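**Q**
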Amino acid sequence: MENEHIHTFISLLHHTHKAEWEASPSTIDAINWLNALYEFLFPNNHLNKQSKYLGILKKNQIDLVNLLLSYLDPKDIDIEKTVDAFYDSLESIYQSLRQDASKTYECDPAATSIQEVIVSYPGFYAIAVYRIAHRLTQLHVPILPRILSEHAHGKTGVDIHPNASIDVPFFIDHGTGIVIGATSIIGKNVSIYQGVTLGASQVSKDLSATKRHPTVEDNVIIYARTTILGGNTVIGHNSIIGGSVFLTKSVHPYSNVFNTHQLRIDVKVQ
1 MENEHIHTFI SLLHHTHKAE WEASPSTIDA INWLNALYEF LFPNNHLNKQ SKYLGILKKN
61 QIDLVNLLLS YLDPKDIDIE KTVDAFYDSL ESIYQSLRQD ASKTYECDPA ATSIQEVIVS
121 YPGFYAIAVY RIAHRLTQLH VPILPRILSE HAHGKTGVDI HPNASIDVPF FIDHGTGIVI
181 GATSIIGKNV SIYQGVTLGA SQVSKDLSAT KRHPTVEDNV IIYARTTILG GNTVIGHNSI
241 IGGSVFLTKS VHPYSNVFNT HQLRIDVKVQ
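Reminder that position 144 of the sequence shown reads as 144 in the UniProt record's numbering, one-by-one numbering, no gaps.
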């Protein structure tokens, strides 16, 4: 680039960033905080003294305070109160995740232990990050929940918006390609397989304040590559939705929904 063009481009960058810039936390610091919290909840090595747990927890609390102070104005949000509220709910988050891990172990014949689920299953990790990010969203913390959820998305292939409402327990098998939109509501004891989308039937900024994504009631199983769209779409409790189904309307409780496309197999004559 010629010098004149370089200066023009730099000027454009400067003015654009100045006009559009919004304070946000360091992505690296956010992920480091998340990793430390996950390690506290599910340590790879047993900590033989309770005082060690307490020390790790206190440091994690301080790190969250500093993370929020790095981009939020204390006039707009009571950071100390927000952090206290988050850690007050940490036991509840942990107990929910223990139920999620137990359901994963029960539902997956390949799982050899709950510990294996916790340390190696991408679906469980995605759920764990969702539950942490969702609590921050409930406390009106901006930006940070999306950073956490997108980190989990990149790591696991599971895209769960932190605003979604997901009850306990919840099971994700394999996980790759799952999308759960912001206004989705998922009940208790739901299982979702790879490639499932709970999406919006219309995409418009005007609809940002409306319910755009489906409701899945209790005890539902949704198999691989199924797409369910629309804020008014309700999957009734105790239903089974087979693989590769496309739904834009509600399903009654105790329904079995399957794709009727038939596969033909011809055996060649030798």
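Glycine is no exception: its CB is placed at the ideal position from the N, C-alpha and C atoms. As the structure is a prediction and not an experimental result, all values here were calculated from the model.
Are Gly-199 and Tyr-223 closer than 8 Å when you measure CB to CB?
**A** Here residue 199 is taken as the residue at index 199 of the sequence shown, counted from 1. Here residue 223 is taken as the residue at index 223 of the sequence shown, counted from 1. No, the pair does not count as a contact, with Cβ atoms beyond the cut-off.
**Q** Report yes if the CB atom of Gly-236 is closer than 8 Å to the CB atom of Glu-217, and no otherwise.
**A** Counting from one through the sequence shown, the residue named residue 236 turns up at place 236. Counting from one through the sequence shown, the residue named residue 217 turns up at place 217. Cβ distance < 8 Å, so Gly-236 and Glu-217 count as in contact.
**Q** Report the residue from Ile-160, Val-234, Gln-270, Ser-204 whose alpha carbon sits nearest the alpha carbon of Tyr-254.
**A** On the sequence shown, position 254 is the one that residue 254 refers to. The candidate whose alpha carbon is nearest that of Tyr-254 is Val-234.
**Q** For Val-245, which residues from the same chain have a beta carbon less than 6 Å from its beta carbon, with the 5 sequence-adjacent residues on both sides left out?
**A** As a first step, residue 245 is located in the sequence shown; it is residue number 245 there, counting from the start. These residues qualify, in order along the chain: Thr-226, Val-257, Asn-259.
**Q** What residue does the alpha helix (DSSP H) around Thr-27 start on, and which one ends it?
**A** For this step, residue 27 is matched to residue 27 along the sequence shown. Thr-27 -> alpha helix (DSSP H) spans 27 to 41.
**Q** Verify whether the separation of the beta carbon atoms of Asp-167 and Tyr-193 is less than 8 Å.
**A** Against the sequence shown, residue 167 aligns to sequence position 167. Against the sequence shown, residue 193 aligns to sequence position 193. Not a contact, by the Cβ cut-off of 8 Å.
**Q** Quick one: using the 10 Å Cβ neighbour count with 16 as the cut-off for buried, is Pro-145 buried or exposed?
**A** Mapped onto the sequence shown, residue 145 falls at position 145. It is buried - the Cβ of Pro-145 has at least 16 other Cβ atoms within 10 Å.
**Q** With respect to the beta strand (DSSP E) encompassing Ile-192, which residues constitute its N-terminal and C-terminal limits?
**A** Stepping through the sequence shown from its first residue, residue 192 is reached at position 192. Looking at the DSSP string, the run of the beta strand (DSSP E) that includes Ile-192 is 190 to 193.
**Q** In terms of residue numbering, what span does the beta strand (DSSP E) encompassing Asp-173 cover?
**A** Position 173 of the sequence shown, counted from the first residue, corresponds to residue 173. Counting along the chain, the beta strand (DSSP E) containing Asp-173 begins and ends at 170 to 173.
**Q** In three-state DSSP terms, what is Ile-143?
**A** Taking the sequence shown and counting its residues from 1, the one referred to as residue 143 is at position 143. Looking at Ile-143 - three-state DSSP - the assignment turns out to be coil, as it is neither helix nor strand.
**Q** Beta strand (DSSP E) containing Ile-265: first to last residue?
**A** For the purposes of this step, residue 265 is taken as residue 265 along the sequence shown, with counting starting at 1. No beta strand (DSSP E) contains Ile-265, which DSSP labels as neither H nor E.
**Q** Please report the distance separating the alpha-carbon of Gly-55 from that of Gln-61.
**A** Mapped onto the sequence shown, residue 55 falls at position 55. Mapped onto the sequence shown, residue 61 falls at position 61. Cα to Cα, Gly-55 sits roughly 10 Å from Gln-61.
**Q** Hey, how far is the Cα of Leu-31 from the Cα of Tyr-71?
**A** For the purposes of this step, residue 31 is identified with residue 31 of the sequence shown, where counting begins at 1. For the purposes of this step, residue 71 is identified with residue 71 of the sequence shown, where counting begins at 1. The sequence shown places Ile at residue 31, not Leu. Roughly 15 Å between the two C-alpha positions.
**Q** What does the alpha-carbon distance come out to for the pair Ile-147 and Asp-29?
**A** As a working note, residue 147 is residue 147 in the sequence shown. As a working note, residue 29 is residue 29 in the sequence shown. The straight-line gap from Cα to Cα measures roughly 11 Å.
**Q** Which partner residues does Ile-221 have in the DSSP bridge list?
**A** Translated into positions along the sequence shown, residue 221 becomes position 221. Answer is Ser-191, Ile-240, bridged to Ile-221.
**Q** The alpha helix (DSSP H) with Leu-12 in it runs from where to where?
**A** Here residue 12 corresponds to residue number 12 of the sequence shown, with the count starting at 1. Where Leu-12 is concerned, the enclosing alpha helix (DSSP H) stretches over 3 to 20.
**Q** With distances taken between CB atoms, is the gap from Val-117 to Tyr-130 smaller than 8 Å?
**A** Walking along the sequence shown from the start, residue 117 turns up at place 117. Walking along the sequence shown from the start, residue 130 turns up at place 130. For Val-117 and Tyr-130, no; Cβs fall outside 8 Å.
**Q** Counting only runs that start and end within the region 105 to 135, where is the beta strand (DSSP E) found for 3 or more residues in a row?
**A** none
**Q** Let me check understanding here. Comparing Cα to Cα, which of Asn-232, Val-190, Thr-197 lies closest to Ile-240?
**A** Within the sequence shown, the letter at position 240 stands for residue 240. Cα-wise, what sits closest to Ile-240 is Val-190.
**Q** How far does the alpha helix (DSSP H) with Leu-47 in it extend, from its first residue to its last?
**A** Position 47 of the sequence shown, counted from the first residue, corresponds to residue 47. For Leu-47, there is no enclosing alpha helix (DSSP H), as DSSP marks it with neither H nor E.
**Q** Can you check DSSP and say which residues form a bridge with Ile-160?
**A** As a first step, residue 160 must be located in the sequence shown, where it is residue number 160. Answer by DSSP bridge pairing, in chain order: Ile-180.
**Q** Do Thr-183 and His-140 have their CB atoms nearer than 8 Å?
**A** Translated into the one-based positions of the sequence shown, residue 183 becomes position 183. Translated into the one-based positions of the sequence shown, residue 140 becomes position 140. No.
**Q** Work out the CA separation of Tyr-53 and Gly-154 for me, nearest whole Å.
**A** Taking the sequence shown and counting its residues from 1, one reaches residue 154 at position 154. Taking the sequence shown and counting its residues from 1, one reaches residue 53 at position 53. Gly-154 and Tyr-53: Cα-Cα distance of roughly 29 Å.
**Q** Report yes if the CB atom of Gly-175 is closer than 8 Å to the CB atom of Gly-123, and no otherwise.
**A** On the sequence shown, residue 175 is found 175 positions in, with the first residue counted as 1. On the sequence shown, residue 123 is found 123 positions in, with the first residue counted as 1. Their beta carbons are under 8 Å apart, which means Gly-175 touches Gly-123 by this criterion.
**Q** Cα-Cα, which of Ile-180, Gln-138, His-14 is closest to Ala-152?
**A** Indexing the sequence shown from 1 puts residue 152 at position 152. Checked all of Ile-180, Gln-138, His-14; the closest Cα to Ala-152 is Ile-180.
**Q** Below 6 Å CB to CB, which residues in the same chain sit around Thr-197 once its five sequence neighbours on both sides are set aside?
**A** One-based indexing of the sequence shown puts residue 197 at position 197. Here the set comprises Val-179, Thr-227.
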